[in-house]
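Heads up: the sequence shown runs through residues 1 to 411, numbered per the UniProt record's numbering.
Virtual Cβ for every residue (Gly too), placed ideally from N, Cα, C.
Quick caveat: nothing in here was measured; it's all calculated off a predicted structure.
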Amino acid sequence: MARTLNRLTSKQLESLGPGRHADGGGLYLDRDSSGRSRWIFMWKRDGKRREMGLGAAGKGGVGLAKVRVAAEAAREVAKAGGDPIEARDAVPVEPVPVPTFGEVADEFLASLSPQWRNEKHRAQWAMTLKTYAKPLRPLPVDRVDTPAVLEVLQSIWLAKPETASRLRGRIERVLDAAKAKGFRIGENPARWRGHLDHLLPKRQKLTRGHHAAMPYGEVSDLVASLRQRDAVAAQALEFLILTAARSGEVLGATWAEIDLKAKIWTVPAERMKAGREHRVPLSARAVTVLEAVMPLALSAAENAEMPVFPGQKGGALSGMSLAMLLRRMKVTTTVHGFRSSFRDWAGEASSFPREVAEAALAHNVGDATERAYRRGDALEKRRKLMEAWAGYVGARASASNIRPFPQRGVR
């Protein structure tokens, strides 16, 4: 019966105690009582057991993937009746080169591509691992240590905390992938808890790096100003505020997603950050905004895929148009920050449960109770929340101020 090969894993190598531990096929990890380890290959010749060293194991030593190649070469020699030691000395076994961090990172990115919902997400990963982690890329992946990781992170940890935090997590995952392939052993030098958290300031002591948010008490004045503007961008921004949605969800909305009769906007899974379909209950005011931008002959099938908020040059309104609108109004908050304004209002000025507010934001968080609010009567609970929010932000604005925006080609 054939002997089992490749019994050991990189994770097991860290926890094995003293003794000889078989990987199969004559390959063993030999560890003494002090923790020093080496690889040996054992075989029989003329009825006698012989062994050959294949190098040190552990940090800085021969990795699991590399030593298995050497053991396979020795097995072939022994099987043919030869002496692996003599064969090694005559023609040294060519070691398997350890890939660089950059090579492992690129391969890891390629393996993740099917999981990403859009090109922007892939580009963000690629940029951080190629630009910010540039000093790591030429290093053999088994030589990436804590000082090397710190050198990369410290350069942006204070200036760009959000980016630095994401970069650390991505470096950690690349190094974990290298370990799973046998190119590394030992602790991950990019691990946060119990490691880097002792070497870098914790996030709460830094600028959080979140999107600048307007205090919820000021949103009503902004909405009143928006209703004085006959522009699609102003109407799109008000709709975004009313629904607490992300800009990409609002600007990518088509009329096929809108059910005015049921007062529901259904955002498909492929356009949601969490990758799940999200139903948004529309307040009466949100419906009024939609009716103001509604094209003629909306019921015609050819209009179903039209953007709800069209741009002047065709297609959907751009995200930059919302940012430029805020700039012209001398508002320093970001478009995304209005989600935080809504969340702060819901938590501080309303009596709605936390899980309802989180569900309204389509956050993928919480225990089973919170997740239950995404089913059953969650829609109606959220509808009451969104009506209350619309009433709050519209308190200083008059509904009569909004007028239908002329459609292109319609007089």
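ask   = Is the beta carbon of Y28 less than 9 Å from the beta carbon of W43?
value = For Y28 and W43, no; Cβs fall outside 9 Å.
query = For T9, which three-state DSSP category applies?
reply = Look at T9 here: in three-state DSSP terms it is coil, with no helix or strand label.
task = Indicate whether the contact test is met: 3 or more Cβ pairs, each with one atom in the segment 344 to 360 and one in the segment 386 to 398, closer than 8 Å.
result = The segment 344 to 360 vs the segment 386 to 398: in contact.
ask   = Who are the Cβ neighbours of G186 in its own chain at under 6 Å, not counting the five residues just before and after it?
value = Correct list, in chain order: K59.
key: F183: CB within 8 Å of a non-hydrogen atom of the ligand ADP   = Of ligands this structure carries none, so the ligand ADP is not represented either.
message = Could you compute how far the alpha carbon of S340 sits from the alpha carbon of M272?
response = Roughly 18 Å between the two C-alpha positions.
query = If you count every other CB in all the chains shown that lies within 10 Å of the CB of D23, and 16 or more means buried, which is it?
reply = With 16 or more Cβ atoms within 10 Å of its Cβ, D23 is classed as buried.
query = Between which two residues does the beta strand (DSSP E) carrying I40 extend?
reply = Where I40 is concerned, the enclosing beta strand (DSSP E) stretches over S37 to R45.
message = Suppose the cutoff is 8 Å on Cβ atoms and the five residues either side in sequence are ignored; what does the same chain contact list for I85 look like?
response = Result list for I85: R50 and M52, in chain order.
message = With distance defined between alpha-carbon atoms, name the residue in S37, D89 and Q154 nearest to K202.
response = Out of S37, D89 and Q154, Q154 has the C-alpha closest to the C-alpha of K202.
query = Three-state secondary structure (DSSP) at V331?
reply = DSSP places V331 outside both helix and strand once states are collapsed to three, so it counts as coil.
request  = Please name the residue in A123, V98, T100 and P99 whose C-alpha comes closest to that of A110.
outcome  = Answer by Cα proximity: A123.
query = Which runs of the alpha helix (DSSP H), 4 residues or longer, sit entirely within the UniProt domain "Core-binding (CB)" (99 to 179)?
reply = Fully enclosed alpha helix (DSSP H) runs of 4 or longer: 101 to 112, 119 to 127 and 146 to 154.
Buried versus exposed call for residue 460 [16 or more other C-beta atoms within 10 Å across all chains shown] = For residue 460 there is no data in the structure shown, the boundaries of the chain being 1 and 411.
message = Can you look up W389 in the DSSP assignment and give me helix, strand or coil?
response = Taken through DSSP and simplified to helix, strand or coil, W389 comes out as helix.
inquiry  = So within the segment 193 to 273, which uninterrupted beta strand (DSSP E) runs reach at least 3 residues, ignoring any that extend past its ends?
reply    = The qualifying runs are 264 to 267.
Beta-carbon separation (whole angstroms), A286 vs T254, contact threshold 8 Å = Between T254 and A286 the Cβ distance is about 16 Å, and since that is not below 8 Å, they are no contact.
ask   = Residues bridged to G24 by DSSP?
value = Paired residues: L27.
inquiry  = Quick test of the definition: if touching needs 3 or more C-beta pairs under 8 Å, does the segment 190 to 197 touch the segment 307 to 315?
reply    = Verdict: no, contact absent.
message = Beta-carbon within less than 7 Å of L260's beta-carbon, same chain only, minus the 5 sequence neighbours each way: which residues are those?
response = Cβ neighbours of L260 beyond the five flanking positions: V287 and L290.
ask   = Whose C-alpha, out of E218, L251 and A245, is nearest the C-alpha of A233?
value = Taking the Cα of A233 as reference, the smallest distance to any Cα among E218, L251 and A245 is reached at L251.
ask   = Exposed or buried, which one is R343 when buried takes at least 16 other CB atoms within 10 Å?
value = It is buried - the Cβ of R343 has at least 16 other Cβ atoms within 10 Å.
task = Note the first and the last residue of the continuous alpha helix (DSSP H) segment covering R276.
result = Segment: none, R276 is in no alpha helix (DSSP H) and carries neither H nor E.
request  = Classify G319 as helix, strand or coil using the three-state DSSP reduction.
outcome  = Here G319 sits in helix by DSSP.
query = In terms of DSSP beta bridges, what is R382 paired with?
reply = In DSSP, R382 forms no bridge with anything.
inquiry  = Which of the three DSSP states is assigned to G17 in this structure?
reply    = Reduced to three states, the DSSP call for G17 is coil.
ask   = So which of L361, S10 and W125 has the shortest CA-CA distance to K181?
value = Considering only alpha carbons, the answer is S10.
query = Leaving out five residues before and five after T163 in sequence, what residues of the same chain have Cβ atoms less than 8 Å from its Cβ?
reply = If the five residues before and after T163 are omitted, its C-beta is found closer than 8 Å to the C-beta atoms of T128, Y132, I156 and G209, all from its own chain and listed in chain order.
Coarse secondary structure for E72, derived from DSSP in three states = Assignment of E72 by DSSP, reduced to helix, strand and coil, places it in the helix class.
key: In DSSP terms, what G53 is bridged to   = In the DSSP output, where bridge partners are listed per residue, G53 has I40.
message = One question on the structure: do A388 and F309 come within less than 9 Å of each other, judged by their Cβ atoms?
response = No. Outside cutoff.
query = Hey, how far is the Cα of G26 from the Cα of G35?
reply = Going from the Cα of G26 to the Cα of G35 covers about 21 Å.
inquiry  = Using C-beta distances below 8 Å, list every residue in its chain close to S220, excluding the 5 sequence neighbours before and after it, in chain order.
reply    = Setting aside the 5 residues that flank it on each side, S220 is surrounded in the same chain by Y392, V393, G394, A395, R396 and A397, each with a C-beta closer than 8 Å to its C-beta; the list follows chain order.
message = Does K313 come out as helix, strand or coil in the three-state DSSP assignment?
response = The answer is coil: DSSP assigns K313 none of H, G, I, E or B.
message = Based on DSSP bridge pairs, tell me the residues matched to K48.
response = Its beta-bridge partners are R45.
key: Distance between beta carbons of A346 and L379, contact taken as under 8 Å   = The beta carbons of L379 and A346 sit about 16 Å from each other, so the pair does not count as a contact at 8 Å.
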